[in-house]
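*Asks:* Okay, so the sequence shown: first residue is 1 according to UniProt numbering, each after it adds one.
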Amino acid sequence: MFETADPKQPFLVLNRVDLFPDDEKVMVKLYQPLVGATAIALYQTLIQAFDPYSMLSDAEGIYTLQEQLDCSLKELFRSLHKLEGVGLVQTFLADNVVNQVLAFKLLKVPSAQEFFSTSLLASLLKEKVGIEKFSKLSHQFARASKLKQKEIPNAKDISASFLEVFRLPGEEAISPANEVLQAAKENDIPKIEKAQVNHDDHIDWNFMKDQYARYQIEPDQIEINKAQILGVIRTYGLTEQEFIDESLPTLHGNRNLNMRAIENLIADNYRSAHTRKQIKTELNNHANIASPSQISAKTKQLLVDANKLSPAEFLYQAKAEKGGFSSPSEKKVLNVLQNQYGLPSDLINILIYACLTYDSMVSSNLAYRIANDWLQHGVASSTQAMQYLEKRKKQRKYNQSRRFNTGKRVEKGTDWSKKKIKSNNQVDSEELKNFFKNLEDQDKSK
């Protein structure tokens, strides 16, 4: 696969294909679920980008495709690779005087019948859209194809032949004239091929068959498990020899490849190697970090024990202080952390301390969760682990205090002993006159 980060990379389209309504229907309904809408748009854009009179020196930068598709360069190449995989596009690298030019050859869209006859395409479509939708699409295209033609049983072909209808001079019928031969040569243009799945996976399968033959593994086992082997090799970036070496412990004298066991083993080894590499990097990055000068006597003794005792001894001592005992499952967790993931003993001991702070046992879920958290925050030694635990402890206390103190609204009560009576000594004479008049009227009414 070719990919570049240079948007000015020149490209050229080598041919043009005609898209008919049936082709577009196959592209949208069958190919689009596999390659995505951007890839379909890229295919159509390349058709329009073909210029029969352009030369290598006229090649434009690939950023022009980006502008038309409104996508990133990474997304553009991802879509291109999908088109290459299903066989709709072939990509070539041509040398120009100044630089190299990407040349795209477009292939015709196959019919629905050819698509469903290609097991890899049909299987992938089933995985993408589900069994129900897949069956519906198959029935839909099959029904449409059958409606385009009729067959009559026991019918005899009585069509006239060419020579029954037309007459040519005797010499012309046997040996065409030079002009006819020249016209045939002039119009002898290579046909545009139909798209086919690109099977070139750059894996030396014969080499793998020869190597496995030494362990009595039949060649047909490689053929049967080709897709799974290819998936594992690409997922973990292995060479053919590395895949073989990793799979050897699963053979056990069996003449069959146990792909599930191989995948699990390679996944475990990959995680272990990746974690060891990460820990080694963190240890190297933080090797010169000084220990804190102001620590409590309890923390200091804990660090001394963590650097002096083995994880099993540290666990036994911690459980003895709490009044418990070490279980086989806890020892298994310690073994995985040390031997499989390569954590240093002092870091595992502080991990034991942290687990027993939260729970009564060192469970695998809790231990792996804490270890992952530490590695993500650059913790790779016992000293760093204690500093990180103290920091998290202070942060929790701070968050709790904020939760209790913020958002509370305090209402102030009124001190009525200090409240003075407000009196208005200025009374309007007219209001006073009306007041007494109302009193007199009330007395008269009685």
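Glycine residues also receive a C-beta, built at the ideal position from the N, C-alpha and C atoms.
Bear in mind that the values here come from a model prediction, so they are computed numbers and not experimental data.
How should Asp6 be labelled, buried or exposed, when 16 other C-beta atoms within 10 angstroms of its C-beta is the threshold for buried?
*Replies:* Classification for Asp6: exposed.
*Asks:* Please report the distance separating the alpha-carbon of Ile217 from that of Trp205.
*Replies:* Each residue's Cα considered, the two are about 13 Å apart.
*Asks:* Can you tell me which of Gln90, Ala41, Val86 puts its alpha carbon nearest to the alpha carbon of Cys71?
*Replies:* When each option's Cα is compared against that of Cys71, the closest is Ala41.
*Asks:* Classify Val304 as buried or exposed, calling it buried when 16 or more other Cβ atoms lie within 10 Å of its own Cβ.
*Replies:* Per the 10 Å Cβ criterion, exposed.
*Asks:* Ser79 to Ala39, Cα distance in whole Å?
*Replies:* In a straight line, the C-alpha of Ser79 is about 5 Å away from that of Ala39.
*Asks:* Apply the 10 Å Cβ neighbour rule to Ala330 and answer buried if 16 or more other Cβ atoms are within range, or exposed otherwise.
*Replies:* First, the amino acid is wrong: residue 330 is Glu here, not Ala. Burial call: buried.
*Asks:* Hey, how far is the Cα of Leu12 from the Cα of Gln48?
*Replies:* Computed Cα separation, rounded: 12 Å.
*Asks:* Quick check on Thr4: buried or exposed, where buried means 16 or more other Cβ atoms within 10 Å of its Cβ?
*Replies:* Exposed, since its Cβ has fewer than 16 Cβ neighbours within 10 Å.
*Asks:* Which residues bound the alpha helix (DSSP H) around Thr299?
*Replies:* First-last of the alpha helix (DSSP H) with Thr299: 297-308.
*Asks:* Give the straight-line distance between the Cα atoms of Lys126 and Lys133, rounded to the nearest whole angstrom.
*Replies:* Using only the alpha carbons, I get a separation of about 8 Å.
*Asks:* Roughly how many angstroms lie between the CA atoms of Ile174 and Ala227, to the nearest whole one?
*Replies:* So the two alpha carbons sit approximately 54 Å from each other.
*Asks:* Contact between the region 22-41 and the region 81-88: three or more CB pairs below 8 Å?
*Replies:* Touching, yes, given that three or more Cβ pairs across the two stretches are closer than 8 Å.
*Asks:* Between the C-alpha atoms of Val26 and Pro249, what's the straight-line distance to the nearest angstrom?
*Replies:* Taking the straight line from one Cα to the other gives about 46 Å.
*Asks:* Count Cβ pairs between the region 153-173 and the region 49-59 that sit closer than 8 Å; are there 3 or more?
*Replies:* No: the two stretches stay apart, fewer than three of their Cβ pairs being nearer than 8 Å.
*Asks:* Going by C-alpha distance, which of Tyr358, Thr357, Ser345 is nearest Ser381?
*Replies:* Checked all of Tyr358, Thr357, Ser345; the closest Cα to Ser381 is Ser345.
*Asks:* If you compare alpha carbons, which of Thr239, Leu257, Lys194 is closest to Glu223?
*Replies:* Among Thr239, Leu257, Lys194, the Cα nearest to that of Glu223 is on Leu257.
*Asks:* Which value, in whole angstroms, describes the spacing of the CA atoms of His377 and Gln395?
*Replies:* Distance between the alpha carbons of His377 and Gln395 is about 15 Å.
*Asks:* I need the DSSP call for Ile192, collapsed to helix, strand or coil.
*Replies:* Note: Ile192 maps to coil in three-state DSSP.
*Asks:* Roughly how many angstroms separate the alpha carbons of Ile370 and Leu351, rounded to a whole number?
*Replies:* Taking the straight line joining both Cα atoms gives about 7 Å.
*Asks:* Tell me which residue opens and which closes the alpha helix (DSSP H) that Ala39 is part of.
*Replies:* Looking at the DSSP string, the run of the alpha helix (DSSP H) that includes Ala39 is 37-48.
*Asks:* Of all the options Gly130, Ala94, Asn365, which has the alpha carbon lying nearest to the alpha carbon of Pro33?
*Replies:* When only C-alpha atoms are compared, the closest one is Gly130.
*Asks:* Based on Cα-Cα distance, which residue from Ser326, Ala297, Ser111, Lys300 lies nearest to Pro311?
*Replies:* Taking only the C-alpha atoms, the option nearest Pro311 is Ser326.
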